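Sequential numbering of the sequence shown, starting at 1, is according to full-length UniProt numbering. Where a beta carbon is used, it is the ideal one built from N, C-alpha and C, also for glycine. Everything numeric in this text was worked out from a predicted model, so none of it was measured.
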Amino acid sequence: MPSNAQLIEERVLQAYNAYERDEYSNIKAAAEVFDAPYQRVRRRLQGLPGAPTRGGHNKRLSVKQESALYTLIKRYNDLGLSTREQALEALNRQVAIKILRNFSAESAAEGVGDDDRATTTSQKWL
1 MPSNAQLIEE
11 RVLQAYNAYE
21 RDEYSNIKAA
31 AEVFDAPYQR
41 VRRRLQGLPG
51 APTRGGHNKR
61 LSVKQESALY
71 TLIKRYNDLG
81 LSTREQALEA
91 LNRQVAIKIL
101 RNFSAESAAE
111 GVGDDDRATT
121 TSQKWL
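So, in structure tokens, the structure goes:
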């Protein structure tokens, strides 16, 4: 069953599509017919994506990096090792720093910008 947010987004897209097909003379009329929030329909027409497609806050890892971290944690689990043991925390920190440094280097190569914070981790991060 779709969540309430998904249902609202569906109505927004229906209003957007109807307006684009010139079924309604203005955005407000299309939004009212489909019971969609006017501002959201207007933002979609301006090219802004919906929140579910933008990703979450505070995400520093790409999909590829997240997959690598998942694989590492799974490997520890398969070997019967706990990622909470103090001996492994240092290793986890080293791996995390390497991942973040690679990310920082990739970002710099792509011209995204420098971020010194990308090469450090805090105790709470692990």
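Sort G50, R60, A96, P49 by Cα distance to L72 and report the nearest one. Numbered from its first residue, the sequence shown carries residue 72 at position 72. Closest option to L72, Cα to Cα, is A96.
Give the secondary structure of L13 by DSSP, where H, G and I count as helix, E and B as strand, and everything else as coil. The residue you call residue 13 lines up with position 13 of the sequence shown. Reduced to three states, the DSSP call for L13 is helix.
Rounded to whole angstroms, how far is the Cβ of I27 from the Cβ of R11, which I believe are closer than 8 angstroms? Stepping through the sequence shown from its first residue, residue 27 is reached at position 27. Stepping through the sequence shown from its first residue, residue 11 is reached at position 11. Going by Cβ atoms, the distance from I27 to R11 rounds to 13 angstroms, so no, they are not a contact pair.
Give the secondary structure of D22 by DSSP, where H, G and I count as helix, E and B as strand, and everything else as coil. In the sequence shown, the residue the question calls residue 22 occupies position 22. In this structure, D22 counts as coil in the three-state DSSP scheme.
Please list, in chain order, all residues of the same chain as I8 whose beta carbon is under 8 angstroms from its beta carbon, the five residues on each side excluded. Counting from 1 along the sequence shown, the entry for residue 8 is found at position 8. Excluding the 5 residues flanking it on each side, I8 has same chain C-beta neighbours closer than 8 angstroms at A36, P37, R40, in chain order.
Please work out which residues of its chain come closer than 6 angstroms, Cβ to Cβ, to S3, disregarding the five sequence neighbours upstream and downstream, and give them in chain order. Sequence index remark: in the sequence shown, residue 3 carries index 3 (1-based). Once the five neighbours on either side are set aside, S3 has no close Cβ partner at all.
With the cut-off set at 8 angstroms, would you say Y19 and A30 are in Cβ contact? Residue 19 sits at position 19 when you count from the first residue of the sequence shown. Residue 30 sits at position 30 when you count from the first residue of the sequence shown. Taking 8 angstroms as the Cβ cut-off, Y19 and A30 qualify as a contacting pair.
Closer than 8 angstroms by C-beta to L13: which residues in its own chain qualify, once you throw out the five before and the five after it? Chain order, please. Taking the sequence shown and counting its residues from 1, the one referred to as residue 13 is at position 13. Hits under 8 angstroms: R44.
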